[in-house]
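Following: one structure in structure tokens, then a few remarks.
Protein chains: 2
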Amino acid sequence: MSKLFLIGAGLMGSSLAVALKRAGAFARVVGYDVDAATIARATASGVIDDAAPNLAAGARDCDAVAVAVPPQSIAATVVDVFRALGARSVPVFDLGSVKAPVIDGIVARMGSVPTPFVPCHPLAGRELRGTDAADGALFVGRRVFMTPLSSTSREARDAVAGWWRACGADVQVVGAAEHDAAVAATSHLPHLLSSAYVATLAERVDRLARFAGPGFKDFTRIAGADPELWRQILVANAHNVSADLTALIDVLERVRDGLAAGDEAALADALSRGAEAKGRFRDGGG
Amino acid sequence: MSKLFLIGAGLMGSSLAVALKRAGAFARVVGYDVDAATIARATASGVIDDAAPNLAAGARDCDAVAVAVPPQSIAATVVDVFRALGARSVPVFDLGSVKAPVIDGIVARMGSVPTPFVPCHPLAGRELRGTDAADGALFVGRRVFMTPLSSTSREARDAVAGWWRACGADVQVVGAAEHDAAVAATSHLPHLLSSAYVATLAERVDRLARFAGPGFKDFTRIAGADPELWRQILVANAHNVSADLTALIDVLERVRDGLAAGDEAALADALSRGAEAKGRFRDGGG
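Going down the list, the sequences are from chains C and R.
Okay, so the first sequence: first residue is 1 according to the working numbering, each after it adds one.
Okay, so the second sequence: first residue is 287 according to the working numbering, each after it adds one.
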């Protein structure tokens, strides 16, 4: 009887558990979370079948381990998992948005990355948080990036890719550094911009709410996500995000200074290059 | 037989014509556009019933005039309309995103704003452009801001409000200055941010497209709109937009400088204040 051990029963982990059970990839999901109330709710709602009292107990007899904990805890948790597994070789994968720091954190603690570990990043999410928002269709049609090392076991890699495909996802393999730089630009920077923008309106919400149309709603949807989760993501990928942020600030300053001087060239350039690039992203699926 | 004269058969004007005809508010729509090809297409597709050879011919015998031209042309066009109407008192309204410059532009040319003129701004739009994208449901459930002056005729104001309601819109009356400052914050600044952000990715679209998920798509939807239209909107509202942009650049610089110095306080503050304000916008309908 195949058993998945899920560590972390937040939105992502809970949605994965529901999706994998529904697909028949595992017969049972045993869950562990540092927050006892979370794991109790996940058990009561049927998101997981059984609660493990601790990590070592959950790892016993399992056929795979999904590490769905916050970014800053992933590397240490993966190391704990491999220590609990001992000599057993079982596929272990995470769901973190930034990959190089996970790999580096494991190397720093263990000297190398265990071959059954497959770093993963599903490009999926919701405005809602926690196990109560679990959605078995969260990964349908979404991309999942896998950033295996050359030493990663082929068996583990194929097994993990198969589980993601069973959830309806499109699996793509990419290097960790390329992945982290790319999602800094396409995901982490927009998140910071949307949040920082809404933050500047905080004092005026009551007056401004009726002037917020569909464009505002779309532009600010991502600002509603968990701020502590996103703090950890942005800190983990700070190097890449800062480079893109500096380039953007530069454009914004040139637009503003141009407008102040009655020169619309920088504004016109940003608008036309933005519309042109958006068209090419749209053609490419973005 | 009631007749609407539509000046400008782009997305907004064409959608208005379809919606008003569908609602039975007017029996006929006569259209004029500086671009002859546009008006030919609008006539062929049935968006308008007849093409006027020029503005004076269209204004003859009409019962209302909708001025749906680009922002920088609104004031001059409204003045031309009133000159063509002569002594006849007919409701005239525009659809511009920035109201004070329209009012000021009319005053500069005529000394005062004719009492049948009702400044309007429907908070609606689409990524698509032009008469071919006309959508009779574009205004259903959307807000339309009217910024009448104290001298504006009550009859014109009520008639125009009634037409917008016939299109399914929610009409709200507000002062022009308050309106322009509010939409700078909720609509014009996000548009500039989304465009400037995508512009910084222009060289990397081919590499980045597969990393663009649902969050990217929502955040950048508004960047796909007509850059020349938005250049005119942002220039018309530059004073208000610049003030909000400066506040935002300040936040972004503090976040970036903090990250470079290993200080996450500014980042954490932007994320938590952003998520909190977004929740209050959501409760208020934004």
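Even for Gly, the Cβ is constructed at its ideal location relative to N, Cα and C.
DSSP state of residue i mapped onto helix, strand, coil
i, result
"residue 274 of chain C", "helix"
"residue 122 of chain C", "strand"
"residue 248 of chain C", "helix"
"residue 290 of chain R", "strand"
"residue 174 of chain C", "coil"
"residue 139 of chain C", "coil"
"residue 47 of chain C", "coil"
"residue 543 of chain R", "helix"
"residue 527 of chain R", "helix"
"residue 113 of chain C", "coil"
Within chain C, the residues that residue i reaches when beta carbons sit closer than 7 Å
i, result
"residue 564 of chain R", "198, 220, 223, 224"
"residue 558 of chain R", "227"
"residue 524 of chain R", "259"
"residue 359 of chain R", "Within chain C, no residue comes near residue 359 of chain R; the closest Cβ sits about 16 Å away, beyond 7 Å."
Under 8 Å by beta carbon: chain C residues contacting residue i
i, result
"residue 299 of chain R", "Within 8 Å Cβ-Cβ: nothing; residue 299 of chain R doesn't reach chain C, min ~19 Å."
"residue 570 of chain R", "205, 206, 209, 210, 212"
Interface partners of residue i on chain R, CB under 7 Å
i, result
"residue 155 of chain C", "Those do not exist, as residue 155 of chain C stays about 26 Å from chain R at its closest Cβ, beyond 7 Å."
"residue 201 of chain C", "471, 563"
"residue 16 of chain C", "The contacting residues do not exist; residue 16 of chain C stays about 17 Å from chain R at best."
Min CB distance residue i to chain C below 8 Å
i, result
"residue 513 of chain R", "yes"
"residue 476 of chain R", "yes"
"residue 501 of chain R", "yes"
"residue 449 of chain R", "no"
"residue 354 of chain R", "no"
"residue 481 of chain R", "yes"
Min CB distance residue i to chain R below 8 Å
i, result
"residue 183 of chain C", "yes"
"residue 6 of chain C", "no"
"residue 129 of chain C", "no"
"residue 281 of chain C", "yes"
"residue 97 of chain C", "no"
"residue 123 of chain C", "yes"
Chain-ordered neighbours of residue i on chain R, where CB pairs are closer than 8 Å
i, result
"residue 235 of chain C", "545, 550, 553"
First through last residue of the beta strand (DSSP E) which encompasses residue i
i, result
"residue 317 of chain R", "314-318"
"residue 66 of chain C", "64-67"
"residue 92 of chain C", "92-94"
First and last residue of the uninterrupted alpha helix (DSSP H) at residue i
i, result
"residue 103 of chain C", "100-110"
"residue 191 of chain C", "189-200"
"residue 10 of chain C", "First-last for residue 10 of chain C: undefined, no H or E at that position."
"residue 59 of chain C", "55-59"
"residue 155 of chain C", "154-166"
"residue 591 of chain R", "Limits of chain R in this structure are 287 at one end and 572 at the other, which puts residue 591 of chain R out of reach."
"residue 518 of chain R", "513-522"
"residue 208 of chain C", "205-208"
"residue 80 of chain C", "74-85"
Cβ-heavy atom distance, residue i to the ligand COA, below 7 Å
i, result
"residue 422 of chain R", "The ligand COA is absent from the structure shown, which contains no ligands of any kind."
Proximal residues of chain R, C-beta to C-beta of residue i below 9 Å
i, result
"residue 85 of chain C", "Near residue 85 of chain C there are no residues of chain R at all, since even the closest Cβ is about 32 Å away, more than 9 Å."
Beta-carbon neighbours of residue i, restricted to chain C and to distances below 9 Å
i, result
"residue 517 of chain R", "264, 267, 268, 271, 272"
Practice task
With 8 Å as the limit, tell me which residues of the stretch 528-547 of chain R have their beta carbon closer than that to any beta carbon of chain C; keep them in chain order.
Solution key: 528, 530, 531, 532, 533, 534, 535, 537, 538, 539, 541, 542, 545, 546
Handout entry: Near-chain C residues of the stretch 451-463 of chain R (beta-carbon distance less than 7 Å), N- to C-terminal order
Key = 458
Exercise for the section: Taking a Cβ distance cut-off of 7 Å, strictly less, list which residues of the stretch 100-111 of chain C are near chain R, in chain order. Expected result: none
Practice task
Compile a chain-ordered list of the residues in the stretch 417-429 of chain R whose CB is closer than 8 Å to at least one CB of chain C.
Solution key: 428, 429
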